[in-house]
Amino acid sequence: MYCCNQSIKISESGAIKMNSFSYNAWLQHTSPSKNLPEIESNGYEFATQECLNILQNNSFPFKENYTISLNLNPSLPPEGYKLTTSPDGLNLTIQGGDETGLLYGVYRYLFRLRITGNAADINESSVPAVSRRILNHWDNGDGSVERGYSGNSLFWKNGKLGYNLDRLKDYARLLASIGINQISVNNVNVRPTTAKLLTDEGLTDLVKVAEVFRPFGIKLIISVHFDSPVWIGGLKTSDPADDKVKQFWEEAATRVYKQIPDLAGFLVKADSEFNLGPLAFGHTQDVGANVIAKALQPYNGILYWRCFIYNCLQDWRDTVTDRPKAAYDTFFPIDGKFAPNVILQIKHGPSDFQVREPNSPLLGAMAHTRQALELQISQEYTGQQKDLYAWAVQWEEIFSHPFNETRNTRDLIGSEKEIEAVVAVCNTGDDDNWCGHLLAQANLFAFGRFAWNSHLTSKQVLQEWSALTFPKDTVSTITQMLLDSRLTYEKYNAPLGIGWMVCIHHHYGPSVDGYEYMKWGTYHRADSTAIGIDRTRQGTGYTAQYQPYVRDLYENLDTCPEELLLYFHRLNYDYTLKNGKTLLQHIYDTHFEGVEEVEAFIKIWESLKGKIDDEAYNHVRQRFDMQLENAKEWRDVINSYFYRKTGINDNKGRKIYN
Ligand code: GCW
């Protein structure tokens, strides 16, 4: 029996506004509880403590004599939970298949209480679709975050792991509450400082981070550099065929697992964007991956090996090389050659987290290789947490994307299926509200929910998030705005799947030809009559990488989804779309509409003034000003660009700058 009369623990810290509305995110503290139920605990003490803390921070209308029982139930699957209310509504049992499952049950119980307010009607059981639900932090040793738009790293400072312990615990709680169970704490672009994580010096600090996350059921992953044998091992080569290199990795794994026995594994970005890899020594990817994977095997460690490999030194005059083909061309021929503990981590699209792209043809294509789907929560190309962008909508589309005539990507995801892990590049940092834009918290939340269950809809997930975060009378308005936000952003961005018309390097705002003559393989090839790349079998042949059903869908102009037309086809500006508009008029119209929709968001948001936390209201209101400026810039730059190329007027006579 647990007696619950402890006081609320509020974390303390200098400048950070801990325990504010924005900080508490979807784990809001409403008002301190006056009538705490009794908790009977026969399981995981930490879960009981979490339950207690949560109940203390929220005033729920429990009936008199209401009790909560927490139990471990090994007949439930690992990480699974079950919530059962007794017929008289006076007892709630939370069961977990293991300790983490029990903890998840506690958080889910809180979610249900917060959303429905009715403790007497909670019955639910759930099991995650995949056992690996992972966040990758692209955090650098100096505290900066690559593609981070939420302040500095939560983990790193001045070349070392350095963090606010209370804050890190609150972070772990947020992540556990949405089912995240693995995180990498350093950028995949490993630099000499973060490479030191494999040394005794680096591990001393990492052990402490692992201790914070462990009770929350979250394991750490270390991003390692392929050239570590040279960087920190003092060797002359990192050639995986070299015995000393093999020995280096074995010793590194032994050292790490001695300190952190439950480490999930290593993550590697090799042969990609100037990071060394096996190619440099004349080997295929499996040869490089297997030497590290074998070193991890005795400790049940996983090697996550990224597939983001392409020629980043392409000549724009070369129209044969086609970047989207690269990952499949590199990995498909070596299907089955990877060690059993290698999981290939595949970006959802063949380009790079653009606002619109097809799914990678590599997903589900390798029958004998373990695979993870990689998403990006950080809004690198999608508004950088200044513009509103609900990834959930795009992720739902990705899951619904056909794999062949009978299955879609969602059907591939699951522990026993082709895709057994779901990973995302995280959007958090040390800003008070964690995510830069308060409403970008919805993206972190949605990732966790979808990694748990990709059968949810974006509407369900966003509604749940809004209901947990905001007052009841604002939920439907905020949910709808989020649901609309992806299409609005797309409207003022690059048209019809062509992508990349973005300012180079930092990736915010328009620069139509910014990447056009560069080496990154990202071209739209617009001239005065046409735009787009022919990626059919008559063109670069990229479509042939898909299953025949999907290949045919994309090859045929009648069946190719219109929003992806320019990804697969080169078309004249007077090509007629299904709605009867020319391609050019579509570009003009969508770019005017995009700005109008942002203006409408502002009005909608203003209608919520006084209904939500003032500080949060003002913060989002300011973000909308930035978004509006950005949307106008995109509209005018894109419209002028195509007007100048074609000399064709907007048929509605709106202002286009010459
Ligand atoms: O999208 C690109 C980013 C790089 C990133 C790379 C990757 C970590 O612009 O900043 O590097 O993808 O995914 O490795």
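The working numbering applies: residue 1331 is where the sequence shown begins, and numbers increase by one.
Yeah, the Cβ is synthetic: ideal placement off N, Cα and C, and Gly gets one too.
Treat the numbers as computed from the prediction; the structure is a model and nothing was measured.
Arg1965 counts as buried, since at least 16 other C-beta atoms from the protein chains shown sit within 10 angstroms of its C-beta.
Taking all protein chains shown into account, Tyr1879 has fewer than 16 neighbouring C-beta atoms within 10 Å of its C-beta and is therefore exposed. With contacts defined by Cβ atoms closer than 8 Å, Gly1547 and Asn1494 do not form a contacting pair. A check of alpha carbon separations from Asn1641 across Glu1820, Lys1716, Glu1580 and Met1848 identifies Met1848 as the nearest. Note that the C-beta distance between Gln1675 and Ala1702 is below 8 Å. The alpha carbon of Ile1968 has as its nearest neighbour, out of Ser1507, His1467, Arg1740 and Thr1920, the alpha carbon of Thr1920. Remark: fewer than three beta-carbon pairs, one from each stretch, lie closer than 8 Å, so the segment 1406–1423 and the segment 1352–1361 are not flagged as touching.
Closest in alpha carbon position to Leu1505, among Leu1382, Leu1813, Lys1576 and Asn1757, is Asn1757. Non-local C-beta neighbours of Phe1638 in its own chain, meaning closer than 6 Å and more than five positions away in sequence, comprise Ser1602 and Lys1677, ordered along the chain.
Between Ser1461 and Ser1745, the alpha-carbon positions lie close to 6 Å from each other. Relative to the non-hydrogen atoms of the ligand GCW, the Cβ of Phe1604 never comes closer than 7 Å to any of them. According to the DSSP assignment, Phe1780 belongs to the alpha helix (DSSP H) that extends over Gln1771 to Trp1782. Counting only residues of its own chain and dropping the five nearest sequence neighbours on each side, His1949 has a CB closer than 6 Å to the CB of Leu1768. Within the segment 1410–1473, the complete beta strand (DSSP E) runs of at least 3 residues fall at 1411–1415, 1421–1426, 1454–1456 and 1462–1466.
Inter-segment contact for the segment 1660–1675 and the segment 1727–1734 is absent: fewer than three beta-carbon pairs are separated by less than 8 Å. With respect to the C-alpha of Ile1452, the residue from Asn1421, Thr1859, Gly1431 and Ser1568 having the closest C-alpha is Asn1421.
In terms of side-chain proximity, the C-beta atom of Asp1682 is found nearer than 7 Å to a non-hydrogen atom of the ligand GCW. Around the beta carbon of Tyr1987, fewer than 16 other beta carbons sit within 10 angstroms, so the residue counts as exposed. In the three-state scheme derived from DSSP, where H, G and I count as helix and E and B as strand, Trp1486 is classed as strand. Set against 7 Å, the gap from the CB of Arg1477 to the closest heavy atom of the ligand GCW is smaller. Short note on Lys1599: C-beta closer than 7 Å to some heavy atom of the ligand GCW. Three or more Cβ pairs closer than 8 Å define a contact, and the segment 1792–1802 falls short of that threshold against the segment 1816–1836. Positions of the alpha helix (DSSP H) runs, each at least 4 residues long and wholly inside the segment 1561–1589, are given as 1573–1589 in order along the chain.
By the C-beta density criterion, Asn1909 is exposed, having fewer than 16 other C-beta atoms within 10 angstroms. Distance from the C-beta of Glu1710 to the nearest heavy atom of the ligand GCW is below 7 Å. The shortest CA-to-CA distance from Thr1614 to any of Gly1489, Val1753 and Phe1662 is the one to Phe1662. Between the alpha carbons of Gly1563 and Arg1636 lies a gap of roughly 23 Å.
For Ser1352, no beta strand (DSSP E) run applies; the uninterrupted alpha helix (DSSP H) run containing it begins and ends at Phe1351 to Asn1354, by DSSP. Per DSSP, Lys1821 is not a residue of any beta strand (DSSP E); the alpha helix (DSSP H) it occupies stretches across Val1805 to Tyr1822. Leaving aside the five residues that flank Cys1890 on each side, the residues in its chain whose CB is nearer than 8 Å to its CB run, in chain order, Leu1883, Tyr1884, Phe1898 and His1899. Excluding sequence positions up to five before and after Leu1609, its CB lies within less than 6 Å of the CB of Asp1601, all in the same chain and listed in chain order.
The Cβ atoms of Ser1483 and Asp1469 sit closer than 8 Å to each other. Excluding its 5 nearest sequence neighbours in each direction, Gly1595 has C-beta neighbours in its own chain below 7 Å: Ile1551, Leu1626, Gly1631, Ile1632, Leu1633 and Tyr1634, listed in chain order.
The beta carbons of Ser1806 and Lys1975 sit about 43 Å from each other, so the pair does not count as a contact at 8 Å. Straight across, the Cα-Cα distance linking Glu1892 with Arg1855 is about 19 Å.
The continuous beta strand (DSSP E) containing Gly1595 extends over residues Gly1595 to Val1598.
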